[in-house]
Amino acid sequence: MTIRFTDSPVIDNHCHTLDPQKAILDPASLAREFYHGMKDLPQRGVHPWRWEASEALRQHIPNLGVVQTMIFQLSKLLGCAPELDAVAAARNSHTTQSFSAYAKLLYQDAGIVGTVLDSSLPPDDPLLDLIPGKVMRLFQMSTTIQQLLKNATSYRELLHSYQNSLDHAVHQHGFIGVKAHVAEEVGFDVEPITFTEDQFAIAKAGDVKAYKKLYLAIFIETLHQCQELQIPMHLHTGITGGLWNGAITNADPFRIVPLLRQPEFIQTRVVLLHGAYPWIQHASMVAHALPHVWVDLSWTTPWSALRLVESWRDAIGVMPLSKLMIGSGGHGTPEIAWLSAKTTKIALQHVLEDNMTLGLLDSKQAEQIGQMILHDNAARLYDLK
Ligand SMILES: [Zn+2]
């Protein structure tokens with residue numbers, strides 16, 4: 002009695018663009034793609050993202066569980082020794098010939114047929130073609146506000162042009178959802194507010210408190226607009242990349258429930274990204290209780306690599322399995338999305354077979370749940386034919 006997802010198609014619900022500058026990576030840089038912590042050589046005036054790592058820190062990074070998993074999985078695909086140097090050399094020999102063909106090789110191996118892309122690239126940017134399979138775009142709320150704010154002379158004007166550009170993105174360019182950074186920009190303990198014109202100039206001048214209010218007001222408007230456009234709102238929850246940005250302790254999805262459970266938002270579908278790691282059970286409970294909330298396990302997969310079985314167990318605990326999706330949070334290199342899909346298939350198989358052994362599920366049910374999480378739920382959410 003076994004189930005298998007090796008050949009099952011996958012839709013990655015949360016991924017960023019590939020970066021051709023990362024086509025060739027030395028072993029340390031390949032490992033560092035999976036490190037989302039701070040570096041330990043701060044540079045004055047330089048964003049923490051771009052700080053350098055000391056020799057001592059560099060020794061730790063290849064020992065992340067996710068890097069060790071990547072090494073072993075990649076060695077099997079590329080036919081080399083399971084060592085960082087060997088897999089880096091093997092991948093570089095592919096990418097030297099073609100970065101795009103290498104990405105295709107990985108996506109095919111993992112069965113990734115579609116990607117929901119979180120990126121500010123213009124609709125016709127050639128970089129988008131690097132991602133194999135169907136690419137579905139999200140409208141970025143934060144970037145759009147920043148751009149429009151430069152020329153806006155009033156809140157009314159800003160909101161109007163913002164709403165027009167969201168409308169345009171959906172109707173002219175087929176964007177399928179919105180991505181907001183409420184946890185990072187404002188924090189989750191929020192209530193609907195009305196924003197007044199006299200606060201606008203202060204927000205525009207860079208006042209942090211006023212900007213938060215502006216962001217929140219537009220977020221509330223966007224929840225309504227998403228409802229009209231019938232597209233979901235994507236929110237980072239839990240880990241938001243690293244612990245150096247945003248209101249970290251505030252990104253527990255329980256904290257945004259008082260807002261999301263208000264009757265006016267019940268018809269707006271909301272996707273909690275990153276599985277709210279490490280609050281995965283909280284995300285599952287929110288999706289259990291709120292009919293319009295969905296969850297994806299991006300970032301959690303592949304980053305919690307050596308604990309993926311437990312992560313998936315936590316996710317499937319209480320929520321309807323028809324609202325759970327796989328994602329990666331991949332960026333730069335194709336290995337991240339590939340590893341997420343590969344390891345998710347392994348973990349899901351294990352978790353579902355366990356439930357079969359316990360006599361809780363039969364193989365047909367288990368098989369169907371797996372396919373739903375890997376592909377069918379996203380296909381339904383985005384109305385893919
Ligand atoms: Zn993300």
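Be aware that the sequence shown starts at 2, since it is given in this note's numbering, and climbs by one per residue. Ideal placement from N, C-alpha and C gives every residue a C-beta, glycine not left out. All values derive from a computational prediction rather than experimental measurement.
Own chain partners of residue i with C-beta closer than 8 Å, once the 5 adjacent residues on each side are dropped
| i | result |
| --- | --- |
| W52 | M39, K40, D41, L42, P43 and Q44 |
| S312 | G276, Y278, I281, L298, T301, T302, S305 and A348 |
| I25 | N93, T96 and T97 |
| P292 | I267 |
Any non-hydrogen atom of ligand 1 within 7 Å of residue i CB
| i | result |
| --- | --- |
| G274 | A small correction: the amino acid at residue 274 is Leu; Gly does not occupy that position in the sequence shown. Indeed, a heavy atom of ligand 1 lies less than 7 Å from the Cβ. |
| S299 | yes |
| H237 | yes |
| H376 | no |
| G243 | no |
| G330 | yes |
| H283 | no |
| M15 | Checking the sequence, you will find His at residue 15 rather than Met. Indeed, a heavy atom of ligand 1 lies less than 7 Å from the Cβ. |
Local Cβ density within 10 Å of residue i, reported as buried at 16 or more and exposed below that
| i | result |
| --- | --- |
| R270 | buried |
| P63 | buried |
| F201 | buried |
| Q22 | exposed |
| H376 | buried |
| V47 | exposed |
| H283 | buried |
| Q226 | buried |
| H290 | At residue 290 the sequence reads Ala, which differs from the His that was named. A290 should be labelled exposed. |
| S9 | buried |
| A102 | exposed |
| E185 | buried |
| E336 | buried |
| S329 | buried |
| W50 | exposed |
Nonlocal neighbours in the same chain, by C-beta distance under 7 Å from residue i, ignoring five residues either side
| i | result |
| --- | --- |
| L122 | T18, L128 and L129 |
| P83 | I72, F73 and S76 |
| L353 | I4, L362, A367, I370 and G371 |
| S155 | E198 and F201 |
| I203 | A211 |
| F196 | Y156, K214, L215 and A218 |
| L65 | F35 and Y36 |
| Y163 | T145, I146, L149 and I219 |
| N378 | S323, K324, L325 and M326 |
For residue j and residue i, believed in contact at Cβ under 8 Å, the rounded distance
| i | j | result |
| --- | --- | --- |
| W280 | G239 | 5 Å |
| G318 | F6 | Actually they are not in contact, since the Cβ atoms of G318 and F6 sit about 20 Å apart, beyond 8 Å. |
| I374 | L309 | The Cβ separation is near 13 Å, so there is no contact. |
| F35 | V68 | 5 Å |
| V296 | S285 | 7 Å |
| D20 | G333 | 4 Å |
| L150 | K105 | The Cβ separation is near 39 Å, so there is no contact. |
Cut-off 6 Å between Cβ atoms - residues of its own chain near residue i, not counting five sequence neighbours on either side
| i | result |
| --- | --- |
| K342 | Residue identity differs from the one stated: residue 342 is Ala in this sequence, not Lys. Hits under 6 Å: V11, A111 and I113. |
| P233 | G178, R270 and V272 |
| H174 | P124 |
Neighbour flag for residue i against chain B, beta carbons, 8 Å
| i | result |
| --- | --- |
| P321 | Looking at the structure shown, chain B is missing, and only one protein chain is on hand. |
Q: Could you tell me whether the region 187 to 199 touches the region 250 to 258, where touching means 3 or more Cβ pairs closer than 8 Å?
A: Output reads yes: the region 250 to 258 touches the region 187 to 199.
Q) Using 8 Å as the Cβ pair cut-off and three pairs as the minimum, do the region 210 to 227 and the region 10 to 30 touch? A) Touching, no.
Q. Counting Cβ pairs, one atom from each stretch, are 3 or more of them under 8 Å apart for the region 136 to 150 and the region 169 to 183?
A. Yes, since at least three Cβ pairs between the region 136 to 150 and the region 169 to 183 fall closer than 8 Å, the two stretches touch.
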